[in-house]
Structure formats: structure tokens, C-alpha cells
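Numbering (full-length UniProt numbering), first residue to last: 1 to 147. Every residue, glycine too, gets a C-beta built ideally from N, C-alpha and C. Just so you know, these numbers come straight off a predicted model, no measurement behind them.
Spelled out as C-alpha cells, the structure:
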């Protein structure tokens with residue numbers, strides 16, 4: 001269940017991405033004052049949501065690390081580490097584009113590097129579990145109550 005904590009990042013990162021994409025192309029559909037307002041909204045919306053996203057990521061990372069120290073068995077839910085982080089990467093990249101801030105540029109690169117590592121680890125473990133035949137085996141049945 002722990003990897004699913006990361007799923008929350010998906011809508012957060014994707015909403016930042018969408019706001020920045022819409023703000024970036026608003027001038028093709030709206031006159032100047034409204035297009036400028038949309039571009040401003042992308043940043044005014046994106047920055048606080050990005051902050052909350054980082055807070056959630058820190059909490060999810062802390063729980064994941066704590067659980068990993070106690071043994072976090074591999075399962076297909078580990079793919080929850082990849083897509084949501086990917087949306088945070090695209091959202092951060094959009095903020096970097098619209099603000100030009102070094103903070104967002106560096107963060108986008110660091111998050112992308114973390115995404116590549118997470119994807120490689122999960123892909124390798126999925127391939128290994130598939131080859132061994134352990135990944136798709138049914139879960140052991142729980143013991144009856146009172147045993």
C-alpha cells in the first residue's frame with residue numbers, strides 16, 4: 001500500500017502542467033489582456049500547488065523509506081512511483097519555462113533524474129519477477145482466524 005501514497009502527486013503535477021500549457025498558448029485564442037492573465041494564472045496557481053506537491057512528496061518519501069527499512073516487498077504497485085513523479089517533472093518544467101527561475105530549472109532536472117532512477121529500478125524488478133514467475137503468482141492465503 002505504501003507506493004500508492006505517491007499517486008496523489010499525479011493530479012497535482014498534472015494540474016500544474018495543464019495550467020502552464022494553457023497559459024503558454026492562451027495568446028493564440030484570447031486577446032492580449034486575457035492571454036496575459038492566463039499566463040500569470042499559470043504561475044500564480046502553479047507555485048503554491050508545487051509547494052504542496054513537494055510537501056506531499058516529502059511525506060510519501062519518509063513513509064516509503066521507513067517501510068523500506070522494515071522490508072518493502074516488490075509488487076506492481078511500485079509503478080506508482082513513476083507516473084506521478086513524471087507529472088511533477090512536467091509541471092516543474094512548465095514553471096521553469098514561465099518563470100525562468102533557477103530553482104525550477106534545477107528542480108526539474110533533479111526530479112527527472114529521480115524519475116529515471118525510479119523507472120529503471122521498477123522496470124528491472126518487474127522484468128526479474130516476470131522471468132522468475134513470482135510476480136504474477138497469487139498472494140498466499142491468510143490463516144484462518146484463531147490459528
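>> For the structure I just gave you, are there three or more beta carbon pairs, one from the region 116–135 and one from the region 91–104, closer than 8 Å?
In response: no
> Under a Cβ-count criterion, where at least 16 other Cβ atoms within 10 Å of its own Cβ denotes burial, should residue 4 be classed as buried or exposed?
Replying inline: exposed
> Where does the unbroken alpha helix (DSSP H) through residue 128 begin, and where does it stop?
Replying inline: 102–132
>> Between which residues of its own chain and residue 52 is the CB-CB distance below 8 Å, once the five residues before and five after are set aside?
In response: 12
> For residue 77, which residues of its own chain have a beta-carbon under 7 Å away from its beta-carbon, when the five flanking residues on both sides are left out?
Replying inline: 3, 4
> Would you say residue 21 and residue 133 are within 8 Å of each other, going by their C-beta atoms?
Replying inline: no
> Looking at the structure shown, is residue 28 part of a helix, part of a strand, or coil, going by DSSP?
Replying inline: helix
> Hey, residue 8 and residue 56: beta-carbon distance below 8 Å or not?
Replying inline: yes
>> Within the continuous alpha helix (DSSP H) that includes residue 88, where are the two ends?
In response: 83–99
> Just to confirm, are residue 26 and residue 39 a CB contact at a threshold of 8 Å?
Replying inline: Yes, these two residues count as a Cβ contact at 8 Å.
> Does DSSP put residue 54 in a helix, a strand or coil?
Replying inline: helix
>> For residue 69 and residue 63, I'd like the C-alpha separation in whole angstroms.
In response: 10 Å
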